[in-house]
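Before any comments, here is the structure.
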Amino acid sequence: MARHIVVGVDGSVPARAAVEWAAADAQSRGLGLRIVHVCEQWRYGDEGTRHCAGTLAAAADRARGLTREVEVTTELLPGNVIDALIGESASADSVVLGSRGLGGFAGLVLGSVGLGVAGHATGPVVIVRGPSVVRYGRVVVGDDGSDGSEAALKYAVDQARVRGLPLHVVFAWQMPIAPPLAAGYGMLIESAREQDIRRAAERVAPWQEKNPDVRIVGEQVVGHPADVLIRSGGTADLVVVGSRGLGGFASAVLGSVSHAVLHHVTCPVAVVRPRNARSLPAARRA
20 MARHIVVGVD
30 GSVPARAAVE
40 WAAADAQSRG
50 LGLRIVHVCE
60 QWRYGDEGTR
70 HCAGTLAAAA
80 DRARGLTREV
90 EVTTELLPGN
100 VIDALIGESA
110 SADSVVLGSR
120 GLGGFAGLVL
130 GSVGLGVAGH
140 ATGPVVIVRG
150 PSVVRYGRVV
160 VGDDGSDGSE
170 AALKYAVDQA
180 RVRGLPLHVV
190 FAWQMPIAPP
200 LAAGYGMLIE
210 SAREQDIRRA
220 AERVAPWQEK
230 NPDVRIVGEQ
240 VVGHPADVLI
250 RSGGTADLVV
260 VGSRGLGGFA
270 SAVLGSVSHA
280 VLHHVTCPVA
290 VVRPRNARSL
300 PAARRA
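Under the numbering used here, read the sequence shown as residues 20 to 305, first letter to last.
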């Protein structure tokens, strides 16, 4: 079992927020905190190395200042940022990143590093956009019955437990055909909707039975899954999604729903891949 959280830093404001979130998470869950900074090849040389080391030291000072109960370790890593962080995920409980680093374009909500790591990491990846200023008092997780959403549920239950918050399990039912074509299939569509919603509610019940110390609330909503989760995320302290659900293509490592949630939800978002899921080789990620 992994005993530490990894947080990647680069000196940006979102990265500082990621350190703060990761330090609090490590403290509440009794885990260590490993802070890494990837010094890419173009920054090599004495001056570049000193700059990287300074960035790493500042992040460690911030983490230690927030909690003295967490063991904080640091490492300066060479190589490609995405590949290095994916490698770190293999032995970590989770990887925490800022939404956009110093190298990103100002108009982008989520940078290429966050997307790349979230799509290929071995375990959960938490993307933090900025310091949390409002607490809503709930954790939200998306559920569609896939292996990915089951892994997301497990992570979300743990997060809700340590925070002492209720967990809202959100299932979004979307009409299978466009409204103009649905007129002649009203009874069939209604039957399918009722069946899917009943199954979603039945999936929640065992989680509540196994975790009586966490209040788990099932929500079955009609709408596009991305839209429903984005709305739910507007009043959540954390949103948890699987990396790819039942509707995804086999070749897509990060599904359209998780992609949309990462881009539009302002609170921290955790993307969870099942530990046995295979990642694409580096050559195919390029």
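Cβ coordinates follow ideal geometry from the N, Cα and C atoms, glycine included.
Owing to the predicted nature of the structure, the values given are computational and were not obtained by experimental measurement.
Short check: CB of A191 to CB of P244, under 8 Å? In this structure, P244 lies closer than 8 Å to A191 by Cβ.
Kindly indicate which three-state DSSP category T92 falls into: helix, strand or coil? DSSP places T92 within a strand segment (E or B) once states are collapsed to three.
At least three beta-carbon pairs within less than 8 Å, the segment 85-92 to the segment 104-111: no
The beta strand (DSSP E) spanning R53 covers which residue range? 51-58
Distance between L207 and V115 (C-alpha atoms, nearest Å): 44 Å
Excluding five sequence neighbours on each side, which residues of the same chain lie with their C-beta closer than 7 Å to the C-beta of A42? L52, A82, L85, T86, V89
Pick from V159, V28, D162: whose alpha carbon is nearest that of G73? Ranked by Cα distance from G73, the first of V159, V28, D162 is V28.
Going by DSSP, what residue range makes up the beta strand (DSSP E) through L248? Element bounds for L248: not the beta strand (DSSP E) but the alpha helix (DSSP H), 244-252.
Compute the Euclidean distance between the alpha carbons of R148 and V26, then round it to the nearest angstrom. 14 Å
Check the C-beta distance from V223 over to V258 and give it rounded, since I have them as a contact under 8 Å. In fact, because the Cβ distance is near 17 Å, the residues do not count as touching under 8 Å.
Use the C-beta contact count for E39: other C-beta atoms within 10 angstroms, 16 or more gives buried, fewer gives exposed. With 16 or more other CB atoms across the displayed protein chains lying within 10 angstroms of its CB, E39 is buried.
Once DSSP output is grouped into helix, strand and coil, what is the label at V153? coil
Can you have a look at D162 and say buried or exposed, based on whether 16 or more other CB atoms are within 10 angstroms of its CB? buried
Considering only residues of the same chain and omitting the five flanking positions on each side of I216, which have a CB-CB separation below 8 Å? Beyond the five residues adjoining it in sequence on each side, I216 comes within less than 8 Å, by CB distance, of F190, W192, Q239 in the same chain, given in chain order.
Would you decide whether T68 is buried or exposed? Buried here means 16 or more other CB atoms lie within 10 Å of its CB. It counts as exposed.
Candidates I146, Y174, A79, S277, of which the one nearest R48 by Cα: Minimum Cα-Cα distance from R48 among the listed residues I146, Y174, A79, S277 corresponds to Y174.
Check the C-beta distance from A171 over to V260 and give it rounded, since I have them as a contact under 8 Å. 6 Å
Would you kindly check if the distance between the Cβ of V158 and the Cβ of D232 is under 8 Å? No, these two residues do not count as a Cβ contact at 8 Å.
For V144, which residues of its own chain have a beta-carbon under 6 Å away from its beta-carbon, when the five flanking residues on both sides are left out? V114, V136, A137, V290
Please report how far the alpha carbon of P97 lies from the alpha carbon of A77, in whole angstroms. 19 Å
Would you say A220 and G237 are within 8 Å of each other, going by their C-beta atoms? yes
Option nearest G133 by Cα separation, candidates E213, H282, C286: H282
Kindly indicate which three-state DSSP category Y84 falls into: helix, strand or coil? Checking the sequence, you will find Gly at residue 84 rather than Tyr. In the structure shown, G84 sits in a helix (DSSP, three-state: H, G or I).
Are Y155 and T285 closer than 8 Å when you measure CB to CB? Cβ distance not < 8 Å, so Y155 and T285 don't count as in contact.
Looking at the structure shown, is G117 part of a helix, part of a strand, or coil, going by DSSP? strand
Starting from G142, trace the alpha helix (DSSP H) in both directions and tell me its first and last residue. Looking at the DSSP string, G142 is not in any alpha helix (DSSP H), and its letter there is neither H nor E.
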